[in-house]
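Residue numbers (this note's numbering): 248 to 419.
(1) Terminal residues of the continuous alpha helix (DSSP H) containing residue 391?
(2) Helix, strand or coil: how does DSSP classify residue 308 here?
(3) Can residue 380 and residue 366 be called in contact, C-beta distance under 8 Å?
(4) Could you give the DSSP three-state label for residue 356: helix, strand or coil?
(5) Judging by CA-CA distance, which residue of 354, 337 and 315 is the nearest neighbour of residue 409?
(6) If you drop the 5 nearest sequence neighbours on each side, which residues of the same chain put their C-beta closer than 7 Å to that of residue 405?
(7) Tell me whether the region 313-322 and the region 254-273 touch, counting them as touching only if at least three CB pairs, one residue from each stretch, are closer than 8 Å.
(8) Leaving aside the five residues before and after residue 385 along the sequence, list all residues of the same chain whose C-beta is less than 6 Å from its C-beta, in chain order.
(9) My guess is that residue 335 and residue 390 are in contact by the Cβ rule of under 8 Å, so how many angstroms apart are they, rounded?
(10) Could you check where the alpha helix (DSSP H) with residue 258 kicks off and where it finishes?
(11) Would you say residue 249 and residue 322 are within 8 Å of each other, going by their C-beta atoms?
(12) Would you mind sorting residue 388 into buried or exposed? The rule is 16 or more other CB atoms within 10 Å of its CB.
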């Protein structure tokens, strides 16, 4: 999107510059003109003078139109860049949030995993019941599921970030 908008902006800029160039007279300077100027004095070139009476008011309207078109393209380009940067900022915030949640879930998973090991040892020696061990394992597996979901969300956030960073650049 940004690249497409940039090309459109450059196109409008060149059209505007071309419309301004239409104001200048069509003069072709060659070696003869320079030779005659310095050898025999100045040459009168009536075609080289600019007369304001010869300028067509429609030309000024065309220049104004091209200027407004260029300004419009510039504003669209700025909006496109701002929208792309906002999307990237949103993706970075989402990625940071997902990473933080994954870290918290991972810490909880490690704690419950250690608790289950302890309950397994207790159960081996008859200090804890098998029901406590099973409840601990169920909680551990539930946290493992949540942990995998958080990993998936984090990967989706990374994927979305890369997509937003690569918008407008198509493989050919």
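We put the CB at the ideal spot given by N, CA and C, even for glycine.
Checking against the coordinates, here is how it stands:
(1) Along the chain shown, read from residue 1 onward, the residue named residue 391 stands at position 144. 377-412 is the span of the alpha helix (DSSP H), which, as asked, contains residue 391.
(2) By one-based count along the chain shown, residue 308 stands at place 61. Residue 308 falls in the helix class under three-state DSSP.
(3) Along the chain shown, one-based indexing puts residue 380 at 133. Along the chain shown, one-based indexing puts residue 366 at 119. Yes; because the gap between Cβ atoms is below 8 Å, this pair is in contact.
(4) The residue given as residue 356 occupies position 109 in the chain shown. Helix, per DSSP.
(5) Within the chain shown, numbered from 1, the residue matching residue 409 stands at position 162. Ranking 354, 337 and 315 by Cα distance to residue 409 puts 337 first.
(6) Position 158 of the chain shown, counting from 1, holds the residue named residue 405. Result list for residue 405: 342, in chain order.
(7) yes
(8) As a position in the chain shown, residue 385 is number 138, starting the count at 1. Correct list: empty, nothing qualifies.
(9) Counting from one through the chain shown, the residue named residue 335 turns up at place 88. Counting from one through the chain shown, the residue named residue 390 turns up at place 143. Not a contact, Cβ separation roughly 32 Å.
(10) Along the chain shown, read from residue 1 onward, the residue named residue 258 stands at position 11. Counting along the chain, the alpha helix (DSSP H) containing residue 258 begins and ends at 249-268.
(11) Residue mapping note: residue 249 aligns to position 2 of the chain shown, counting from 1. Residue mapping note: residue 322 aligns to position 75 of the chain shown, counting from 1. No; because the gap between Cβ atoms is not below 8 Å, this pair is not in contact.
(12) As a first step, residue 388 is located in the chain shown; it is residue number 141 there, counting from the start. So residue 388 counts as exposed.
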